[in-house]
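Novice: Structure in structure tokens, see below.
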Ligand code: NAP
């Protein structure tokens, strides 16, 4: 597939292969973009930013609504592209397509809700004759970079709000999964988006990322990906807005009064969705000692019943990891934990990029898996006596995206909400619960700022104050 430079499809002699992680088969090629392509895209985006800033809101709304309608028509194409290029099973891919359509529809709605407020200037003695307001205006050019794990919806979360709020956007998708981003962008062009507003430059982040994030014409870098890359970008981006949606190792607390069936099924799905490659996937489960054994038995039984393998099969619960390299890293981390004293309750093996859903207990704090983000299908159990101990363990990491608590005790739930140091607490749901309109983002190393369409629109706009001196 060609990349998109200022709305035009561009091919290049140098290409990158896109492969199916399940069997390594070649799906397609994309151009290996260069720093010159990035610079050209930003130059065109300067014009694009001017065009979109001046587009009446009803036209932006119309384009975004049309995008959502075309996405509905192309539901199967989008779904197929996701499950071919990524780790996702067909069921997971369908859900992602549906969510991406919702993200674009929300963007259409939010385009007409970008508002300001009047300012009571006369609250300051001496300002009695002044009157005014503030409103929001687009930052100009958004440089967006996305990861491989939700190749369509995370791209929709950049394009939708950026375009709704009157910006131009230059996006670099993950090299492993560029096709969903390109397909979606072609739909934007088909829907009538002026080409200058949109560029999708494919290529290696290590080669073209710096040119994109350091260009002084860019008003905001909107990054979703790993903490190491996020840190690198923050160091070099210079004085511009930064949106950072990074990783985590989300904790779930299960209290002895919880509905165990609900907690088990929600946590199994939350741990192994997309083969654990989910920034809000369940990684650490803290279980009150009275129900530890019962929870463990039920969880392990359910995990053992998981069908793993062919992504195209409707009955498959979990597909492969994104590549063999990542799969062997996950196995190394499991083996390290085992060497240091952890016990494997189920799983722990791999075949190619397929890693069995794995459950560990007795993980020592010296093991990588205890504190870092595994980003694979591995979950660790911890036993606790008092809620305070569970909260301390949950908070004892560098991350803080989502946490969850299963309990029927309102006081315990509120206590956890107040004391868990994260961007979101789910009560009686696993950490991977999310809808695309809610504010989404983390604290500590999990990121800066919030996405969720309305909140991304806020991040992608600036406030301008207007004051009339009515003497
Ligand atoms: P990654 O390795 O950080 O890559 C993310 C993106 O950054 C890719 O497009 C990558 O390009 C690009 N990149 C790599 N090096 C770069 C550089 N030096 N400058 C600029 N861009 C560069 O992350 P990943 O492995 O794709 O994704 C997994 C991570 O994303 C996990 O930590 C996960 O938790 C996080 N994530 C967070 C959220 C959230 O909303 N908080 C959502 C999903 C995922 P290449 O593909 O060419 O390397």
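Numbering (my numbering), first residue to last: 332 to 802.
Think of the CB as a built atom: it goes at the ideal place given N, C-alpha and C, for glycine as much as any other residue.
These figures come from a predicted structure and were not determined experimentally.
#1: With a threshold of 8 Å, are at least 3 pairs of Cβ atoms found where one atom belongs to the segment 482-497 and the other to the segment 425-434?
#2: Here's a check: name, in chain order, each residue in its chain whose Cβ is nearer than 7 Å to the Cβ of residue 458, leaving out the five neighbours to either side.
#3: Fully enclosed by the segment 378-459, which beta strand (DSSP E) runs are 3 residues long or longer?
#4: Counting Cβ pairs, one atom from each stretch, are 3 or more of them under 8 Å apart for the segment 726-743 and the segment 636-648?
#5: Grab the span of the alpha helix (DSSP H) containing residue 362 for me, first residue to last.
#6: Per DSSP, residue 745 is paired with what?
#7: Among the residues of its own chain, which have a CB less than 8 Å from the CB of residue 477, if the five just before and after it don't count?
#8: Would the beta-carbon of residue 535 be found less than 8 Å away from any heavy atom of the ligand NAP?
#9: How many Å lie between residue 767 and residue 785 at the Cα?
#10: Mind checking residue 684: buried by the 16 CB within 10 Å criterion, or exposed?
#11: Taking the Cβ atom as the reference point for each residue, do residue 755 and residue 765 lie within a distance shorter than 9 Å?
#12: For residue 575, which residues in the same chain have their Cβ closer than 6 Å to its Cβ, ignoring the five residues on either side in sequence?
#13: Over what stretch of residues does the beta strand (DSSP E) that includes residue 472 continue unbroken?
#14: Can you round the beta-carbon distance between residue 545 and residue 417 to whole angstroms, since I take them to be within the 8 Å contact cut?
#15: Taking the straight line between their C-alpha atoms, what separation do you get for residue 371 and residue 627?
#16: Taking only three categories from DSSP, how would you classify residue 631?
#17: With a threshold of 7 Å on Cβ separation, who are the neighbours of residue 406 within its own chain once the five nearest residues in sequence on each side are excluded?
#18: Counting beta carbon pairs with one atom in the segment 630-640 and one in the segment 439-450, are three or more of them shorter than 8 Å?
#19: Counting C-beta neighbours from all protein chains within 10 Å, is the total for residue 581 16 or more, i.e. buried, or is it exposed?
#20: Helix, strand or coil, according to DSSP, for residue 660 in the structure here?
#21: Cβ-heavy atom distance between residue 770 and the ligand COA below 8 Å?
#22: Are three or more beta carbon pairs between the segment 746-754 and the segment 716-728 nearer than 8 Å?
#23: What residues match up with residue 500 in a beta bridge as DSSP calls it?
#24: State the start and end residues of the unbroken alpha helix (DSSP H) segment that holds residue 566.
#25: Can you list, in chain order, the residues of its chain with a C-beta nearer than 6 Å to that of residue 523? Leave out the 5 residues immediately preceding and following it.
#26: So, helix, strand or coil for residue 684, using DSSP?
#27: Ends of the alpha helix (DSSP H) at residue 726?
#28: Expressed to the nearest angstrom, what Euclidean distance is found between the alpha-carbon atoms of residue 473 and residue 500?
#29: Going by other Cβ atoms of all chains shown within 10 Å of its Cβ, with 16 needed for buried, is residue 743 buried or exposed?
#30: State the Cα-Cα distance for the pair residue 527 and residue 606, rounded to the nearest angstrom.
#31: Compare the beta carbon distance of residue 625 and residue 716 with 9 Å and say whether it is the shorter of the two.
#32: Could you tell me the alpha carbon to alpha carbon distance between residue 384 and residue 483, rounded to whole angstroms?
#33: Beta-carbon separation of residue 670 and residue 692 under 9 Å?
#34: Could you spell out where the beta strand (DSSP E) holding residue 580 opens and where it closes?
#35: In its own chain, which residues sit with a C-beta less than 8 Å from the C-beta of residue 884, not counting the 5 before and 5 after it?
#36: Could you tell me how far apart the beta carbons of residue 510 and residue 365 are, in whole angstroms, since I believe they sit closer than 8 Å?
Specialist: On the basis of the data shown:
#1: yes
#2: The residue given as residue 458 occupies position 127 in the chain shown. Correct list, in chain order: 452.
#3: Listed in chain order, they are 448-450.
#4: no
#5: As a first step, residue 362 is located in the chain shown; it is residue number 31 there, counting from the start. From DSSP, residue 362 is part of no alpha helix (DSSP H) but of the beta strand (DSSP E) over 357-362.
#6: The residue given as residue 745 occupies position 414 in the chain shown. According to DSSP, residue 745 bridges with nothing at all.
#7: Here residue 477 corresponds to residue number 146 of the chain shown, with the count starting at 1. Excluding sequence neighbours, residue 477 sits near 485, 486, 489, 502, 503, 504, 505, 512, 555 and 556.
#8: What you label residue 535 is simply residue 204 of the chain shown in a count that begins at 1. It does: the Cβ of residue 535 is within 8 Å (strictly closer) of some heavy atom of the ligand NAP.
#9: Here the question's residue 767 lines up with position 436 in the chain shown. Here the question's residue 785 lines up with position 454 in the chain shown. Residue 767 and residue 785: Cα-Cα distance of roughly 9 Å.
#10: The sequence position of residue 684 within the chain shown is 353, counting from 1. It is buried - the Cβ of residue 684 has at least 16 other Cβ atoms within 10 Å.
#11: Locating residue 755 in the chain shown gives position 424, counting from the first residue. Locating residue 765 in the chain shown gives position 434, counting from the first residue. Yes, they are a contact pair.
#12: Taking the first residue of the chain shown as position 1, residue 575 is located at position 244. Cβ neighbours of residue 575 beyond the five flanking positions: 554, 561, 778 and 779.
#13: Within the chain shown, the letter at position 141 stands for residue 472. Element bounds for residue 472: 472-476.
#14: In the chain shown, counting from the first residue as 1, residue 545 sits at position 214. In the chain shown, counting from the first residue as 1, residue 417 sits at position 86. At roughly 29 Å, the Cβ-Cβ gap does not stay under 8 Å, so residue 545 and residue 417 are not in contact.
#15: Residue 371 sits at position 40 when you count from the first residue of the chain shown. Residue 627 sits at position 296 when you count from the first residue of the chain shown. For the pair residue 371 and residue 627, the Cα-to-Cα distance works out to about 56 Å.
#16: Within the chain shown, the letter at position 300 stands for residue 631. Note: residue 631 maps to helix in three-state DSSP.
#17: Residue 406 sits at position 75 when you count from the first residue of the chain shown. Within the same chain, residue 406 has close Cβ partners 428.
#18: By the Cβ test, the segment 439-450 is not in contact with the segment 630-640, since fewer than three Cβ pairs between them sit closer than 8 Å.
#19: Here residue 581 is taken as the residue at index 250 of the chain shown, counted from 1. Buried is the call here.
#20: Numbered from 1 along the chain shown, position 329 holds the residue referred to as residue 660. Looking at residue 660 - three-state DSSP - the assignment turns out to be helix.
#21: In the structure shown, the ligand COA is absent; the only ligands present are the ligand NAP.
#22: yes
#23: Within the chain shown, residue 500 is the residue found at index 169, counting from 1. For residue 500, which the question treats as bridged, DSSP gives the partners 473 and 529.
#24: Reading the chain shown from its first residue, position 235 is the one you call residue 566. In the DSSP assignment, residue 566 falls within the unbroken alpha helix (DSSP H) covering 558-567.
#25: Mapped onto the chain shown, residue 523 falls at position 192. The answer, listed in chain order, is 394.
#26: Working through the chain shown from its first residue, we reach residue 684 at position 353. Residue state, collapsed to three classes: coil.
#27: For the purposes of this step, residue 726 is taken as residue 395 along the chain shown, with counting starting at 1. Start and end: 718-726.
#28: In the chain shown, counting from the first residue as 1, residue 473 sits at position 142. In the chain shown, counting from the first residue as 1, residue 500 sits at position 169. Answer to the nearest angstrom: the Cα atoms are 5 Å apart.
#29: The residue given as residue 743 occupies position 412 in the chain shown. It counts as buried.
#30: For the purposes of this step, residue 527 is taken as the residue at position 196 of the chain shown. For the purposes of this step, residue 606 is taken as the residue at position 275 of the chain shown. Going by the C-alpha atoms only, they are around 37 Å apart.
#31: Indexing the chain shown from 1 puts residue 625 at position 294. Indexing the chain shown from 1 puts residue 716 at position 385. Taking 9 Å as the Cβ cut-off, residue 625 and residue 716 do not qualify as a contacting pair.
#32: By one-based count along the chain shown, residue 384 stands at place 53. By one-based count along the chain shown, residue 483 stands at place 152. When rounded, the distance between both Cα atoms is 25 Å.
#33: Within the chain shown, residue 670 is the residue found at index 339, counting from 1. Within the chain shown, residue 692 is the residue found at index 361, counting from 1. Their beta carbons are not under 9 Å apart, which means residue 670 does not touch residue 692 by this criterion.
#34: In the chain shown, counting from the first residue as 1, residue 580 sits at position 249. Run containing residue 580: none; DSSP gives neither H nor E here.
#35: There is simply no residue 884 to check, as the chain begins at 332 and stops at 802 in what is shown.
#36: Residue 510 sits at position 179 when you count from the first residue of the chain shown. Residue 365 sits at position 34 when you count from the first residue of the chain shown. With 8 Å as the limit, residue 510 and residue 365 do not qualify as a contact, their Cβ atoms being about 20 Å apart.
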